[in-house]
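Presented below is the structure to which this report refers.
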Amino acid sequence: MNATDTIRPAGVEIAGTGTALPDRELTNADLEKLMDTSDEWITQRTGIRARRIVTPENGENTTALATRALAAALQDAGLEGSELDLVVCATMTPDMPTPGVSAVAAHRVGATGAGAFDLSAACSGFVFSLNTAHALIAGGRYRNVAVIGADILSRFMEYTTRGRSTAVLFGDAGAAMILRASDDPHKNLIAQAMHADGGGAQHLYIPTFERDAQAYGDDTGLPMSQLRMHGPAVFRFAVGKFPQLIADTLERADLAPEDIDHFVCHQSNQRILESARERFGIPHEKLRVNINKYGNTVAASVPLVFHELRTEGRIKPGQLVMFLGFGAGLTWGSSLWRV
Ligand code: COA
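What follows is the structure, encoded as structure tokens:
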């Protein structure tokens with residue numbers, strides 16, 4: 135479709151999903167051999183038991199995961215790459231500052247007529263990309279848009295005692311979703327929110343230059359290009375903002391917590407998810423936790439959960455699904471859909 139044509143669709147549907155996980159699994163027992171930590175410490179504080187990490191020597195990088203996830207999502211949607219109008223990739227760990235992961239992934243799946251750009255909003259990146267892609271389709275200029283979340287945090291931490299406060303938390307993954315203009319007015323995004331507070335940037339960042347680390351008061355002694363995180367500050371931010379975000383999104387849609395069929399949440403810490411579950415009385419089957427298997431996979435975490443629910447047949451037509459992300463920046467956002 136020519137991007138100058140504007141035919142506003144009646145609705146927007148989630149037409150396909152796909153994921154790409156590295157083969158290599160690092161369990162808590164594996165980490166115990168690499169650093170001074172314990173399965174008990176990690177499990178009690180985070181709920182994480184294992185995570186996947188890439189093997190760079192096998193060519194696994196962010197672009198490779200993004201491409202695999204995109205190809206799988208296209209197949210699931212029954213679309214060819216050439217039918218895509220746009221590819222958006224949420225990532226904070228592109229293989230290079232340029233080119234974008236999205237442009238190379240689009241090329242590799244034959245999306246030669248598509249535009250492509252990366253979107254950097256850390257663990258909120260997928261939700262921000264979903265909202266952006268939806269707006270472009272609803273505006274009538276794009277019909278088939280791929281949204282990818284792909285991140286490889288293992289490149290930015292070390293698996294030693296010095297790096298243990300972050301190395302145990304994160305995993306690598308890619309996941310993708312195909313959005314499509316639809317004639318069905320019941321399928322659509324019905325409320326969304328995107329927020330940022332750069333005043334909290336120093337709580338979670340990856341410096342390239344010493345002067346930037348110093349400006350954020352870095353006292354970790356870690357080398358440049360390794361993730362710094364003030365765990366307790368991020369924890370407080372997340373347990374405070376997460377329920378507020380759910381409440382605001384429900385209010386925007388004039389809905390109650392019990393109206394929502396699935397809360398598809400960024401997986402950063404099981405305790406953060408439990409606090410929201412308790413606050414709103416959300417039953418277990420409506421808030422999937424898979425952090426035990428994959429850790430925090432940053433931009434891939436939200437679509438990874440959705441794909442899991444979808445392939446199990448738990449996402450039914452007409453259901454209400456609230457996607458929620460929060461992370462570095464600081465950033466936080468939601469996307470509420472009738473699917
Ligand atoms: N294994 C064993 N001990 C560890 C450890 C590890 N992997 N990592 C840190 N520790 C130690 C610390 O050195 C500290 O020791 P000390 O008291 O002797 O100084 C102790 O454990 C407590 O550290 P603390 O950071 O206070 O623990 P915590 O209870 O706050 O839990 C997190 C740490 C990271 C699990 C928690 O703060 C958290 O989940 N924060 C949010 C992180 C997050 O969600 N980030 C991504 C956002 S998208």
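Its first residue numbered 135, the sequence shown is counted upward by one per residue in this note's numbering. Note that the Cβ used here is the ideal one computed from N, Cα and C, for glycine as well. This structure is a prediction, so every number in the text was calculated from the model and none was measured.
Strand pairing of residue i, partner residues [DSSP]
i	result
PHE457	VAL398, SER469
VAL302	Paired residues: none, contrary to the question.
SER316	GLY145
LEU323	TRP471
LEU160	ARG185
ILE271	Answer is none; ILE271 lacks a bridge partner.
TYR339	ARG362
ALA154	GLY308
ILE286	Per DSSP, none; premise fails for ILE286.
ALA280	VAL221, ILE312
MET328	GLY467
Through-space distance from residue j to residue i, alpha-carbon basis
i	j	result
VAL281	ALA327	17 Å
LEU208	ASP317	20 Å
ALA309	GLY283	5 Å
ASN424	VAL439	7 Å
LEU384	VAL261	16 Å
SER299	ARG405	16 Å
LEU218	ALA245	6 Å
ALA205	VAL243	6 Å
VAL146	MET456	15 Å
LEU323	PHE369	29 Å
ASP285	CYS223	10 Å
GLN178	LEU407	14 Å
SER344	MET358	Residue identity check: residue 344 is Glu in the sequence provided, not Ser. Distance between the alpha carbons of GLU344 and MET358: 7 Å.
GLU419	VAL279	29 Å
ARG296	LEU356	8 Å
LEU421	ILE394	10 Å
ALA267	PRO417	30 Å
ALA462	ASP346	16 Å
PRO341	GLY452	44 Å
ALA269	ARG314	12 Å
GLU174	GLY259	31 Å
ILE176	ARG413	24 Å
HIS329	THR171	35 Å
GLY333	ASP382	21 Å
PRO319	VAL473	11 Å
LEU371	LYS450	Looking at the sequence provided, one finds Phe at residue 371 rather than Leu. Using only the alpha carbons, I get a separation of about 33 Å.
MET169	GLY415	38 Å
ILE380	LEU443	20 Å
TRP471	LEU287	29 Å
VAL373	LEU220	35 Å
THR201	ALA154	8 Å
SER263	ALA240	16 Å
SER216	PRO437	23 Å
THR197	ASN430	19 Å
ASN403	LEU361	17 Å
GLU194	ALA307	10 Å
ASP353	ASP331	22 Å
GLN348	GLY247	44 Å
HIS441	PHE251	23 Å
ASN265	ALA255	13 Å
Supposed contact pair residue j and residue i - C-beta distance, whole angstroms, cut 8 Å
i	j	result
THR189	ARG142	That belief does not hold up - the Cβ atoms of THR189 and ARG142 are roughly 46 Å apart, past 8 Å.
VAL235	THR225	5 Å
ALA410	PRO377	5 Å
ALA185	TYR428	Position check: residue 185 holds Arg in this sequence, whereas Ala was assumed. Going by Cβ atoms, the distance from ARG185 to TYR428 rounds to 6 Å, so yes, they are a contact pair.
VAL432	CYS257	5 Å
ALA203	GLY249	About 19 Å separates the two Cβ atoms, so there is no contact after all.
GLY447	HIS400	About 23 Å; that fails the 8 Å criterion.
LEU213	ILE312	6 Å
ILE148	ASN426	Rounded, the Cβ-Cβ distance is 25 Å, inconsistent with contact.
Residue i: CB within 7 Å of a non-hydrogen atom of the ligand GTP
i	result
PHE290	For the structure depicted, the ligand GTP is absent and the ligand set comprises only the ligand COA.
Alpha helix (DSSP H) segments (min. 4 residues) lying fully within the segment 362 to 439: Entirely contained in the segment 362 to 439, the alpha helix (DSSP H) runs reaching 4 residues are, in chain order, 365 to 387, 404 to 414, 425 to 428.
| Is it true that the segment 463 to 470 meets the segment 213 to 230, where meeting means three or more beta-carbon pairs spaced less than 8 Å apart? | No contact exists between the segment 463 to 470 and the segment 213 to 230.
Self-check item: Contained beta strand (DSSP E) runs [length at least 3] in the segment 186 to 258, N- to C-terminal order
Solution: 220 to 224, 249 to 253
Does the segment 296 to 308 come into contact with the segment 357 to 374, if we say contact requires no fewer than three beta-carbon pairs (one atom in each stretch) closer than 8 Å? yes
Q) Using 8 Å as the threshold, is the segment 147 to 166 in touch with the segment 374 to 393, meaning 3 or more CB pairs across them? A) no
- Decide yes or no for the touch test of the segment 283 to 294 against the segment 206 to 221: beta carbon pairs closer than 8 Å, at least 3 of them. no
**Request:** Examine the Cβ distances between the segment 266 to 281 and the segment 183 to 201 and report whether three or more of them are shorter than 8 Å.
**Result:** no
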